[in-house]
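A.B. asks: Here you go, one structure.
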Amino acid sequence: MSDSGREGPESSAEEAYREEHRFVDEAVGSKMTAVLAGDFEVVEKEAGLFSDAWKQVRRRKLFWFSAVLIGIFTLMAIAPALFTLPSPATHDPRECSLRNPETGEFQDLLQPSSEHWFGTDIQGCDYYARVVHGARVSIIIGIGGTLLLSFIGLIAGGTSGFYGGWTDNVISRIVDVLYAFPFIIAAILFLNLVAAETGRNAWHVLLVIGVFGWPTLSRIFRGAVLQAKEKEYVEAARALGASNNRILFRHVFPNAIAPALVFAMIGVGGIIGAEAALSFLGVGLQLPAISWGLMIANSQDRIATDPFLIFFPGLFLSLTVLGFLLLGDVVRDALDPRNR
Amino acid sequence: MEEVGSVTVADIPSHQQKVGEVLLEVEDLSVDFKTDAGVVKAVQSVSFTLHAGETLAIIGESGSGKSVTAQAIMGIVPSPPGVVNAHAIRFRGQNLADLTEKDRRKVRGQEIAMIFQDPLTSLNPVYSVGKQIGEMFRVHRGASRKEATEAAIELMEQVRIPEARLRVGDYPHQFSGGMRQRVMIAMALSLDPAVLIADEPTTALDVTVQAQIMELLGSLQEEHNMGLILITHDLGVVASVADTVQLMYAGGVVEKAGADDFYEAHAHPYAEGLMRSIPTLIGEDERLIPIEGAPPSLIRLPPGCPFNPRCPYVTDRCRTEKPLLRSIAGYAGLVACHNAEDVRSAKVGGGGGSGE
Amino acid sequence: MPDVVRYTARRLLLMIPTFIGATFLVFFAGFALPGDPIAALGGERSMSESTRQQLIERYHLDEPVWQQYFRYMGDVLQGDLGVSILRRREVSDIFKEVFPRTVKLAGLAIAIEIVMGLSAGVLAALKKDKFLDQLVLVSTTFAVAIPVFVLGFAAQNIFAIRLDIFPIGGIQDGAWSYVLPAFVLATLSLAYVARLTRTTLSESLNEDYVQTAKAKGLPQSRVVGRHALRNALIPVVTFIGLDLAGLLGGAIITETVFNIPGVGRTIVQAIGTRDHAIVVGLSIAAVIVYLVISLVIDLFYAVLDPRIRYE
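Quick look at the structure:
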């Protein structure tokens, strides 16, 4: 189940991300680089991590590219009218009819044209209007789901790493269980149950993603907290008699947050993909909701005759995911002390 | 580079106690690292000669270029970003730069071997020590697996690792720091090299173990009549074993002399500062005096003498003109200091002896 | 070696709560949540009162959930995954039929991942910051950004419909039918493998022991291959192993797009027909496969990295 699970945040692929981005690790580089970096420049300023990162991020073209992508699709989610305005066809994605009300001609499955930029779907809806309106659900679920899973993950991972002992044991076992219980299966089973009674909406999908999506972030944050805990300044704070909470929030948390932050940024893209995948499989959003995954699912039989029905929502979906992915990449590079 | 280029091996006073065959000649070696921040001048026109049976100590703080010098001799400076320039690095008269990579590799490991500071990170964690020692025989001598293992055991016994036969299959992390360094030494000595470069071989070890390792190195050197280049920042280690001393600061050589001369009467202000900052067991009630300031950035070296911002003897000349290695009256060594004479006299005067 | 035994034993012990937790979740979600469990078992068909009684008896639906669970798991451990009333078949039979297809697809995908991902990663690491490296970075980013099902349809459109090289779906063409789906399935992991290899290899090329290997006068190929790569591969192998474990549970989306009746596709279809016996049975089988393989990976990890054994 992992090809799909991998679009969710808990798959084994993300496991690798953990490995790939062990940037909280002590500088493990060579003696050589240690000599070059350490002796010749002597950089050691954890406090300025984020402002330094911002300075570095600002200079990168890739950052602005991803910011523009994210900006466009967020705007599209907030105010789709801005995007449908210049289109000559109807601006209402739900105003569909098989015949053109004026000319009386059939207007389902029209190929893209100057009138219907993205063509029309099988019900004669203007596909451009539909694709533009699809952004909202993706962005809401992507950002909302990430916030929810980050909230759970940070609390679980932070508690686990900071307090250790049986708390850590219990939380780690729960994480193990959720790892072994593939995300997509979990989502399918639970979303399927919801559907039986009430019909599903974006909130159900968001909730399931948040509830099952936190383990990876929790593991990452736990690891980072464990490392931050061992640092001298934490020892020093402890020696000075600082309270546990103070140590956690003033010393450990800020120093451990970077990898979790990067994971969350990349995760937004992953969750947007996951929502689309669930809707595609028929366990996510249901008609009449407007979602890119759903549009693709409803058009899959037409891959040979009308591939544009898959191409346009697929393109928008991929670009949105790409935006968040690149942002995460850029921020990771900036926060990685080895890249200084 | 050209300012000091005039100094060649010929100028080095020959006061080695045991003069053997000339093994290694380094002439005018410079190493730059091209980084985003600028060009790091890690080594600048370093020259020296090493004889069989001789121990040359290269002393300096981290960042003084001593390790990079060793890497350049081995031909393992990471490139990019490193760029090595030398008039010549000759081993037994053969300029190593003229060799093909394949021939160079034969010299490396077989003729010139090296051990590193941290034996834990310098040994590959996923191979047993026997395999890592035996690899020398497998690759360079085409030995069979079995022969290689036998040879490894023999070497481990030579460096006095107890129960060598039992431990040959163990992994580096199963050994103590001192034992790991013995493994490194065994590996370096496996093909009986003529030159051994030991880069801070005892820095990562406990004090008690340090002495054992130095003793081991000393006796192995004698046994094999090797030329030993000992790179260290620890003047205490040097005193007991070195024949010749070469002091480096900010990538350049600032003083070279016979070890006895150096300890008795060094002439560079930096050497003087170093001497005063080491604790001596036999020392009287002397206070340790640290050297003020920090080593300069190797990207933006100060004009003139690189030591001038920290030097108590500094004059205007030091701030503009870079001093060359030269000999001074009454001292058998070479020193790169405009005011070396003053340093010497101040020292002699301060020592309570005759003044000017 | 006693260390290895102790390590294995500890891994096995740790697996027990995970196993119970994960299977219980599946069971709970499948059978025990509110709704008519009998109707759930029978899918959407109406059934006679006698069938109903039989089902209650068979699944002990009058017992508390945890008892039902342990009874069910007892059967599962004896190879009985339940019965699909809808299909009138043992779920374990269905599993035996569909699992080999999933194995073929997953195996091929993993092979592609290893060959292409590793070589791309090694090349990128050796040519760090050069053109080739940049190319690998950019292409892997795009590969990760395109959702699998979008990629699947794009591949179908190009390679099956326009170029007509591969069948568009199904498994009628034997091994050939699996090639295109396997590439699609492999793309994402391939990108991860390439990036992971690039990162770990360029890190390990900077390690001191690589310096040592060079100082030993070893040929470049041996320095990279035997010393740097051997260490760099430890996390890569772990990733590939976990990926395989996941894929063997059924590549739901790829199987759906390419209409391959493997474990994943069968589960999705069973959800459509509300055949919960199949959903739960196959999901539990998938969980078991995942756990067994990740255990094997854990043990293999200890073989690869001797430090682990002596933690």
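Protein chains in written order, with the working numbering: chain A, 50 to 389; chain B, 46 to 401; chain C, 19 to 329.
Note that the Cβ used here is the ideal one computed from N, Cα and C, for glycine as well.
#1: Using C-beta distances below 6 Å, list every residue in its chain close to A:L376, excluding the 5 sequence neighbours before and after it, in chain order.
#2: Looking at chain C, which residues of the region 170 to 196 of chain B have a Cβ within less than 9 Å of any of its Cβ atoms?
#3: Under a Cβ-count criterion, where at least 16 other Cβ atoms within 10 Å of its own Cβ denotes burial, should B:H218 be classed as buried or exposed?
#4: Give me the Cα-Cα distance between C:G48 and C:Q86, rounded to the nearest whole angstrom.
#5: Given a cut-off of 8 Å, decide if A:L118 and A:L371 are closer than it, judged by their beta-carbon atoms.
#6: The beta strand (DSSP E) that contains C:S312, what's its start and end?
#7: Is DSSP giving B:H132 helix, strand or coil here?
#8: At a Cβ cut of 9 Å, what residues of the region 135 to 155 of chain B count as close to chain C, listed as they run along the chain?
#9: From this set, C:F184, C:V197, C:L219, C:R106, which residue's C-alpha is nearest C:D151's C-alpha?
#10: Return the Cβ separation of A:G318 and A:F373 in integer angstroms, given the expectation that the two are a contact with Cβ distance under 8 Å.
#11: Tell me which same chain residues have a C-beta within less than 6 Å of the C-beta of C:L203, skipping the five on either side of it?
#12: Let me see if you follow: with CB-CB separation under 8 Å, is C:R24 close to chain A or not?
#13: Taking contact to mean 3 or more Cβ pairs, one atom from each stretch, closer than 8 Å, check whether the region 239 to 248 of chain B and the region 272 to 284 of chain B are in contact.
#14: Note down, one range per segment and in chain order, each alpha helix (DSSP H) of at least 4 residues found wholly within the region 198 to 248 of chain C.
#15: What is the DSSP secondary structure of B:L292, counted as helix, strand or coil?
#16: Using a Cβ-Cβ cutoff of less than 8 Å, which residues in the same chain neighbour C:G188 once the five nearest sequence positions on both sides are dropped?
#17: So A:G322 is in the alpha helix (DSSP H); what residue range does that whole segment cover?
#18: Report yes if the CB atom of B:Q177 is closer than 8 Å to the CB atom of B:N169, and no otherwise.
#19: Does any residue of chain C have a CB that is nearer than 8 Å to the CB of B:Y216?
#20: So if I threshold CB-CB distances at 8 Å, which residues from the region 288 to 299 of chain A count as touching chain C?
#21: B:I157 by DSSP, collapsed to three states: which one?
#22: Less than 8 Å between the C-beta atoms of C:I186 and C:Q174, yes or no?
#23: If you draw a straight line from the C-alpha of C:I112 to the C-alpha of C:R283, how long is it?
#24: Cβ atoms of A:I190 and A:I352: under 8 Å apart, would you say?
#25: Kindly indicate which residue of A:F167, A:Y177, A:I233, A:L330 has the alpha-carbon position closest to the one of A:L131.
#26: Grouping DSSP H, G and I as helix and E and B as strand, with all else coil, what is B:K367?
#27: Just to confirm, are B:Q65 and B:E99 a CB contact at a threshold of 8 Å?
#28: Quick one: is A:V77 near chain C, going by C-beta distance under 8 Å?
#29: Out of B:L265, B:T253, B:T145, which one is the CA nearest neighbour of B:M232?
#30: Which residues in chain B have a C-beta closer than 7 Å to the C-beta of C:H294? List them in chain order.
#31: Cβ of C:F171 less than 8 Å from any chain A Cβ?
#32: For B:F78, does the three-state DSSP call read helix, strand or coil?
#33: Tell me the residue span of the alpha helix (DSSP H) that contains B:E199.
#34: By Cβ distance below 7 Å, which residues in the same chain neighbour A:V283 in space, the five residues on each side in sequence not counted?
#35: Ordered along the chain, which non-local residues of its own chain (more than five positions away) have a Cβ less than 8 Å from that of A:A286?
#36: Report yes if the C-beta distance between A:A179 and A:I345 is below 8 Å; otherwise report no.
C.D. replies: In brief:
#1: For the purposes of this step, residue 376 of chain A is taken as the residue at position 327 of the first sequence. Closer than 6 Å at the Cβ level, and outside the excluded window around A:L376, lie S115, M314.
#2: P170, V171, Y172, S173, Q177, E180, M181, V184, H185
#3: The count along the second sequence starts at 1 and reaches residue 218 of chain B at position 173. Exposed, since its Cβ has fewer than 16 Cβ neighbours within 10 Å.
#4: Your numbering for residue 48 of chain C matches position 30 in the third sequence. Your numbering for residue 86 of chain C matches position 68 in the third sequence. Approximately 12 Å between the Cα atoms of the pair.
#5: Residue 371 of chain A sits at position 322 when you count from the first residue of the first sequence. Residue 118 of chain A sits at position 69 when you count from the first residue of the first sequence. Yes, the pair counts as a contact, with Cβ atoms nearer than the cut-off.
#6: Stepping through the third sequence from its first residue, residue 312 of chain C is reached at position 294. Looking at the DSSP string, C:S312 is not in any beta strand (DSSP E); the run it does join, the alpha helix (DSSP H), is 294 to 322.
#7: Position 87 of the second sequence, counted from the start, is the residue given in the question as residue 132 of chain B. Three-state DSSP puts B:H132 in a strand.
#8: E146, K147, R149, R150, K151, V152, R153, G154, Q155
#9: What you label residue 151 of chain C is simply residue 133 of the third sequence in a count that begins at 1. Ranking C:F184, C:V197, C:L219, C:R106 by Cα distance to C:D151 puts C:L219 first.
#10: Walking along the first sequence from the start, residue 318 of chain A turns up at place 269. Walking along the first sequence from the start, residue 373 of chain A turns up at place 324. Yes, they are in contact, since the Cβ atoms of A:G318 and A:F373 sit about 4 Å apart, within 8 Å.
#11: Position 185 of the third sequence holds residue 203 of chain C. Once the five neighbours on either side are set aside, the close Cβ partners of C:L203 are A127, A269, T272.
#12: By 1-based counting over the third sequence, the position of residue 24 of chain C is 6. No - not a single Cβ of chain A is within 8 Å of the one on C:R24.
#13: yes
#14: The region 198 to 248 of chain C contains these whole alpha helix (DSSP H) runs: 226 to 233.
#15: Translated into positions along the second sequence, residue 292 of chain B becomes position 247. B:L292 falls in the strand class under three-state DSSP.
#16: Walking along the third sequence from the start, residue 188 of chain C turns up at place 170. The residues are S195, F276, N277, I278.
#17: On the first sequence, residue 322 of chain A is found 273 positions in, with the first residue counted as 1. Segment 302 to 330, the alpha helix (DSSP H) holding A:G322.
#18: Position 132 of the second sequence holds residue 177 of chain B. Position 124 of the second sequence holds residue 169 of chain B. The answer is yes: Cβ separation under 8 Å.
#19: Within the second sequence, the letter at position 171 stands for residue 216 of chain B. True, the Cβ-Cβ gap to chain C drops below 8 Å.
#20: Cβ contacts with chain C: none found.
#21: Translated into positions along the second sequence, residue 157 of chain B becomes position 112. Residue state, collapsed to three classes: strand.
#22: Here residue 186 of chain C is taken as the residue at index 168 of the third sequence, counted from 1. Here residue 174 of chain C is taken as the residue at index 156 of the third sequence, counted from 1. Going by C-beta atoms, C:I186 is nearer than 8 Å to C:Q174.
#23: As a working mapping, residue 112 of chain C is identified with position 94 in the third sequence. As a working mapping, residue 283 of chain C is identified with position 265 in the third sequence. So the alpha carbons of these two residues sit roughly 12 Å apart.
#24: Indexing the first sequence from 1 puts residue 352 of chain A at position 303. Indexing the first sequence from 1 puts residue 190 of chain A at position 141. No, Cβ-Cβ distance for A:I352 and A:I190 is not below 8 Å.
#25: For the purposes of this step, residue 131 of chain A is identified with residue 82 of the first sequence, where counting begins at 1. Ranking the options by Cα distance to A:L131, first place goes to A:Y177.
#26: The count along the second sequence starts at 1 and reaches residue 367 of chain B at position 322. Under the three-state reduction of DSSP output, B:K367 falls in the coil class, being neither helix nor strand.
#27: Start at 1 with the first residue of the second sequence, and residue 65 of chain B comes out as number 20. Start at 1 with the first residue of the second sequence, and residue 99 of chain B comes out as number 54. Sequence check: residue 65 of chain B is Gly here, not Gln. Yes, the Cβ-Cβ distance between B:G65 and B:E99 is below 8 Å.
#28: Here the question's residue 77 of chain A lines up with position 28 in the first sequence. Only weak support exists for where A:V77 lies, its pLDDT of 25 falling under 50; the value from the coordinates is given anyway. True, the Cβ-Cβ gap to chain C drops below 8 Å.
#29: Taking the first residue of the second sequence as 1, we reach residue 232 of chain B at position 187. The alpha carbon of B:M232 has as its nearest neighbour, out of B:L265, B:T253, B:T145, the alpha carbon of B:L265.
#30: Position 276 of the third sequence, counting from 1, holds the residue named residue 294 of chain C. Chain-ordered listing is empty here: chain B has no CB closer than 7 Å to the CB of C:H294, the nearest sitting near 48 Å.
#31: Stepping through the third sequence from its first residue, residue 171 of chain C is reached at position 153. Yes, contact with chain A.
#32: Within the second sequence, numbered from 1, the residue matching residue 78 of chain B stands at position 33. It is a strand residue.
#33: Taking the first residue of the second sequence as position 1, residue 199 of chain B is located at position 154. Segment 190 to 203, the alpha helix (DSSP H) holding B:E199.
#34: Taking the first residue of the first sequence as position 1, residue 283 of chain A is located at position 234. Excluding residues within five positions, the ones whose Cβ falls inside 7 Å are A277, I296, H300, V301.
#35: Stepping through the first sequence from its first residue, residue 286 of chain A is reached at position 237. For A:A286, where only same-chain residues beyond five positions count, the Cβ hits under 8 Å are R295, I296, R299, H300.
#36: One-based indexing of the first sequence puts residue 179 of chain A at position 130. One-based indexing of the first sequence puts residue 345 of chain A at position 296. Before going on, a small fix: residue 179 of chain A reads as Arg here, not Ala. It is not a contact, given that the beta carbons lie outside the stated cut-off.
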